[in-house]
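Undergrad:
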Amino acid sequence: MIIAPSLLAADHADFGKAAARAAKAGADWLHLDIMDGHFVPNISFGPQVVKAVRPHARNLFFDVHLMCSKPEILLEPFAKAGADQIIVHVELLEQGEAVLPGLIWKIKNLGKKVGLAVNPPTPISLVQPYLDKIDLLLVMTVNPGFGGQEFIHETLPKIQQADLWRRDKKLSYRISVDGGINNQTAGECARAGADTYVAGTSLFGQRNLKAAIAKMRKHIHANDPALADLMT
Ligand code: DX5
Ligand code: ZN
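According to this note's numbering, the residues represented by the sequence shown are 81 to 312, in order.
(1) Rounded to whole angstroms, what's the CA-CA distance from His92 to Gly280? Just pull it up for me.
(2) Check whether the Cβ atoms of Ala218 and Leu251 sit closer than 9 angstroms, and answer yes or no.
(3) Hey, could you find the ends of the beta strand (DSSP E) Thr276 is sitting in?
(4) Using a threshold of 8 angstroms, is the CB atom of Pro224 nearer than that to any non-hydrogen atom of ligand 1?
(5) Drop a sphere of 10 angstroms on the beta-carbon of Lys192, count the other beta-carbons inside from all chains shown, and report buried for 16 or more, exposed for fewer.
(6) The beta strand (DSSP E) that contains Met59, what's its start and end?
(7) What span of residues does the beta strand (DSSP E) with Met220 cover, start to end?
(8) Check whether the Cβ of Ser282 lies closer than 8 angstroms to any heavy atom of ligand 1, and answer yes or no.
(9) Relative to the C-alpha of Pro135, which residue among Leu172, Pro157, Lys97, Ile167 is closest?
(10) Around the Cβ of Pro209, are there at least 16 other Cβ atoms within 10 angstroms (buried) or fewer (exposed)?
(11) Could you tell me if the beta carbon of Met147 falls within a distance shorter than 8 angstroms of some heavy atom in ligand 2?
(12) Run through the segment 208 to 252 for me and flag every whole beta strand (DSSP E) of 3 or more residues, listed as ranges in chain order.
(13) Kindly examine ligand 1 and report whether one of its heavy atoms sits closer than 8 angstroms to the Cβ of Val198.
(14) Quick check on this structure: which residue in Asn139, Glu177, Leu88 has the alpha carbon closest to the alpha carbon of Leu146?
(15) So, at 7 angstroms on beta carbons, what are the nonlocal neighbours of Phe226 in its own chain, with the 5 sequence-adjacent residues on each side left out?
(16) Take Gly67 as the anchor and find which of Thr276, Ala137, Val144 has the nearest alpha-carbon.
(17) What is the C-beta distance between Ile300 and Ala270, in whole angstroms, given that I count them as a contact (C-beta under 8 angstroms)?
(18) Between Leu206, Ala159, Thr202, which lies nearest to Arg177 when the distance is taken from Cα to Cα?
(19) Can you give me the Cβ contacts of Gln286 inside the same chain, cut-off strictly under 8 angstroms, excluding the 5 residues immediately before and after it?
(20) With hydrogens ignored, establish whether the beta-carbon of His314 is closer than 8 angstroms to any heavy atom of ligand 1.
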């Protein structure tokens with residue numbers, strides 16, 4: 081299981097310190113939310129900030145989530161800034177069929193892992209043609225744009241479907257969940273088939289981040305169907 085604290089919920093005046101804190105607290109990845117004020121109604125931060133944060137957490141895997149209308153102009157800057165994985169949204173399909181294959185190819189060509197995200201109102205079927213080309217599927221469990229929102233339970237069947245496809249097609253993409261993830265909702269996602277958990281408010285909001293991450297891991301373990309099978 082991967083736990084990825086989301087920097088969006090950290091002190092924006094001190095991202096370096098927050099990244100170092102996440103690394104020290106036992107996080108697996110650091111999730112970086114990039115918002116352009118167009119794809120989503122909010123602006124976060126850009127490649128220069130990611131580059132500045134990178135030396136503070138050299139060993140953390142940087143999971144860069146692009147909520148941007150023109151990701152093609154940002155792939156190289158974020159790759160150079162230290163991204164390990166770049167996630168783009170399936171909703172970009174609205175711009176034309178050729179957009180996603182081009183982006184996926186370019187991200188791979190930059191030597192980075194590639195993720196595809198799907199918003200709550202978007203049918204999960206839209207990601208199906210790309211499943212054999214991606215490293216991670218990000219099921220948004222809130223409408224993107226802001227941290228601290230309530231988990232949308234109607235997204236759980238999408239996680240189940242993504243897990244079914246993964247088994248059926250013998251693929252190995254990760255299934256990540258993002259938005260409103262706390263100990264309880266992480267458990268629900270684990271039961272549905274998720275393996276990667278992005279959490280902002282519920283982790284960075286805690287005084288003791290190490291204990292919060294350990295506690296979330298415990299909740300996920302307790303709900304992981306694979307582990308439950310082993311115990312029976
Ligand atoms: C939402 C972002 C999330 C956000 C999650 O647009 O994609 O990554 O940081 O924040 P919480 O965990 O507070 O819902
Ligand atoms: Zn995100």
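Note that the Cβ used here is the ideal one computed from N, Cα and C, for glycine as well.
TA: Quick answer:
(1) Along the sequence shown, read from residue 1 onward, the residue named residue 92 stands at position 12. Along the sequence shown, read from residue 1 onward, the residue named residue 280 stands at position 200. If I take the Cα positions, the gap works out to 13 angstroms.
(2) In the sequence shown, counting from the first residue as 1, residue 218 sits at position 138. In the sequence shown, counting from the first residue as 1, residue 251 sits at position 171. Checking the sequence, you will find Leu at residue 218 rather than Ala. Contact: no.
(3) Within the sequence shown, residue 276 is the residue found at index 196, counting from 1. It spans 276 to 279 - the beta strand (DSSP E) in which Thr276 sits, taken as one unbroken run.
(4) For this step, residue 224 is matched to residue 144 along the sequence shown. Correct: Pro224 has its Cβ closer than 8 angstroms to ligand 1.
(5) For the purposes of this step, residue 192 is taken as the residue at position 112 of the sequence shown. Buried.
(6) The displayed coordinates of the chain run from 81 to 312. Any statement about residue 59 would go beyond what the structure contains.
(7) Position 140 of the sequence shown holds residue 220. Taken as a continuous stretch (DSSP letters only), the beta strand (DSSP E) holding Met220 covers 216 to 220.
(8) The residue you call residue 282 lines up with position 202 of the sequence shown. At least one heavy atom of ligand 1 falls within 8 angstroms of the beta-carbon of Ser282.
(9) For this step, residue 135 is matched to residue 55 along the sequence shown. Of the candidates Leu172, Pro157, Lys97, Ile167, the one whose C-alpha sits nearest the C-alpha of Pro135 is Lys97.
(10) Indexing the sequence shown from 1 puts residue 209 at position 129. Exposed, since its Cβ has fewer than 16 Cβ neighbours within 10 Å.
(11) Taking the sequence shown and counting its residues from 1, one reaches residue 147 at position 67. Answer for Met147: yes, Cβ within range of ligand 2.
(12) 216 to 220
(13) In the sequence shown, counting from the first residue as 1, residue 198 sits at position 118. No, ligand 1 has no heavy atom inside 8 angstroms of this Cβ.
(14) Position 66 of the sequence shown, counted from the first residue, corresponds to residue 146. Ranking Asn139, Glu177, Leu88 by Cα distance to Leu146 puts Leu88 first.
(15) Position 146 of the sequence shown, counted from the start, is the residue given in the question as residue 226. If we look at Phe226 and ignore the five residues flanking it on each side, its Cβ neighbours are Asn122.
(16) Any answer about residue 67 is impossible in this case: the structure gives the chain only from 81 up to 312.
(17) Numbered from 1 along the sequence shown, position 220 holds the residue referred to as residue 300. Numbered from 1 along the sequence shown, position 190 holds the residue referred to as residue 270. 5 angstroms between Cβ atoms; contact.
(18) By 1-based counting over the sequence shown, the position of residue 177 is 97. Checking the displayed sequence, the identity of residue 177 turns out to be Glu instead of Arg. That would be Leu206, whose Cα lies nearest to the Cα of Glu177.
(19) The residue you call residue 286 lines up with position 206 of the sequence shown. The residues are Ala292.
(20) One cannot answer for residue 314 here, as it falls past the ends of the chain, which runs 81 to 312.
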